[in-house]
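The next block holds one structure in the form of structure tokens; read it before the comments.
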Amino acid sequence: MRYWLMKSEPGCFSVDDLAERPDSTTPWDGVRNYQARNFMRDDMKAGDRVLFYHSNCEEPGVAGLAEIACEAYADYTAFNPAEKHYDPKSVPEKPVWMMVDVKLVDKFDRVVTLKEIKADDRLSGMELVRKGSRLSVQPVSENEYKTILRMAGYDEKK
DNA sequence: GCCAACGTTGGC
DNA sequence: GCCAACGTTGGC
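Position 121, counted from 1, in the first sequence is what UniProt numbering calls 121; the numbers after and before it change by one each time, with no gaps.
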């Protein structure tokens with residue numbers, strides 16, 4: 001099992017929005033970065049755990065725990081000219097952009113803030129806190145994952 | 001292949 | 001709103 005961190009702007013799609021989706025699941029559409037796509041396409045497996053991160057907001061941080069619900073498939077929003085992330089390079093016969101489905105496991109009782117993450121020596125290796133890093137889909141080590149769950153006061157076995 | 005210009009990300 | 005850092009585009 002692998003561990004990931006995925007960013008979303010809560011003003012656009014928050015952990016609460018995910019909770020309200022049918023089966024608490026959503027297609028993770030709109031990723032238009034090759035490195036992020038490659039992680040989704042090549043490395044994500046159903047059941048992998050996801051730290052749901054709120055970015056570009058008042059209190060940036062990890063807001064909940066989710067999981068990968070299925071392996072990558074074509075991001076069909078790229079085919080539609082009416083979509084914000086339309087990309088004529090990507091066509092159904094040869095899709096450029098891929099996405100996975102993400103399912104909420106639990107919203108955390110409290111957000112583990114970026115500030116706390118930066119202040120914690122155990123998390124200094126995270127891609128998230130690397131200078132200049134903007135990757136919206138990124139791998140997380142098992143230790144980092146467990147540390148953040150503990151900081152959230154989240155008991156995985158409940 | 002180089003690189004300047006541009007658009008985007010995302011913390012602050 | 002600012003701006004640093006990044007990825008992409010396109011002229012040459």
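Every residue, glycine too, gets a C-beta built ideally from N, C-alpha and C.
Please read these numbers as outputs of a predicted model, since none were measured by experiment.
**Request:** Please determine, among VAL111, SER55, ARG134 and TYR73, the residue with the shortest C-alpha to C-alpha distance to ASP29.
**Result:** Within the first sequence, numbered from 1, the residue matching residue 29 stands at position 29. Looking at the Cα atoms, TYR73 is the closest of the given residues.
**Prompt:** Under three-state DSSP, which class holds ALA19?
**Reply:** Within the first sequence, residue 19 is the residue found at index 19, counting from 1. The answer is helix: DSSP assigns ALA19 an H, G or I state.
**Message:** Quick check: LYS107 and VAL15, are their CB atoms within less than 8 Å of each other?
**Reply:** The count along the first sequence starts at 1 and reaches residue 107 at position 107. The count along the first sequence starts at 1 and reaches residue 15 at position 15. Their beta carbons are under 8 Å apart, which means LYS107 touches VAL15 by this criterion.
**Message:** Taking the beta strand (DSSP E) that MET151 belongs to, which residues open and close that run?
**Reply:** Counted from its first residue, the first sequence places residue 151 at position 151. It is not in any beta strand (DSSP E) - MET151 instead sits in the alpha helix (DSSP H) that spans 142-151.
**Prompt:** In whole angstroms, what is the alpha-carbon distance linking HIS85 and MET98?
**Reply:** Within the first sequence, the letter at position 85 stands for residue 85. Within the first sequence, the letter at position 98 stands for residue 98. Straight-line Cα distance between these residues: approximately 12 Å.
**Item:** Per-residue burial, ALA152 [other beta carbons within 10 Å of its own, 16 or more giving buried]
**Value:** Reading the first sequence from its first residue, position 152 is the one you call residue 152. Classification of ALA152: buried, given that the 10 Å Cβ count is 16 or more.
**Prompt:** Hey, would you say residue 159 sits closer than 8 Å to GLU142, going by beta carbons?
**Reply:** Since the displayed the chain opens at 1 and closes at 158, residue 159 lies outside it and no answer follows.
**Reference THR26; option with closest CA among ARG32, GLN35, PHE13 and ASN33** = Stepping through the first sequence from its first residue, residue 26 is reached at position 26. Considering only alpha carbons, the answer is PHE13.
**Asked** What is the rounded straight-line gap between the Cα of GLU109 and the Cα of GLY64?
**Response** Along the first sequence, read from residue 1 onward, the residue named residue 109 stands at position 109. Along the first sequence, read from residue 1 onward, the residue named residue 64 stands at position 64. Here residue 109 turns out to be Asp, not Glu, going by the sequence shown. Roughly 8 Å between the two C-alpha positions.
**Continuous alpha helix (DSSP H) stretch holding LEU114: start and end** = Taking the first residue of the first sequence as 1, we reach residue 114 at position 114. Element bounds for LEU114: 114-119.
**Message:** Using the Cβ count rule (16 or more neighbours within 10 Å means buried), how would you classify GLU59?
**Reply:** One-based indexing of the first sequence puts residue 59 at position 59. That one is exposed.
**Item:** Straight-line gap, THR77 to PRO95 (C-alpha atoms, nearest Å)
**Value:** Stepping through the first sequence from its first residue, residue 77 is reached at position 77. Stepping through the first sequence from its first residue, residue 95 is reached at position 95. Their backbone Cα atoms lie some 11 Å apart in a straight line.
**Request:** Please look up how many angstroms separate the CB atoms of ARG49 and GLU67, rounded, as I've assumed it's under 8 Å.
**Result:** Locating residue 49 in the first sequence gives position 49, counting from the first residue. Locating residue 67 in the first sequence gives position 67, counting from the first residue. Confirmed, about 6 Å.
**Prompt:** Can the beta-carbon of ALA69 be found closer than 8 Å to that of ASP17?
**Reply:** For this step, residue 69 is matched to residue 69 along the first sequence. For this step, residue 17 is matched to residue 17 along the first sequence. Contact flag unset, no.
**Asked** Which residue or residues does DSSP assign as beta-bridge partners of VAL100?
**Response** Start at 1 with the first residue of the first sequence, and residue 100 comes out as number 100. In DSSP, VAL100 forms no bridge with anything.
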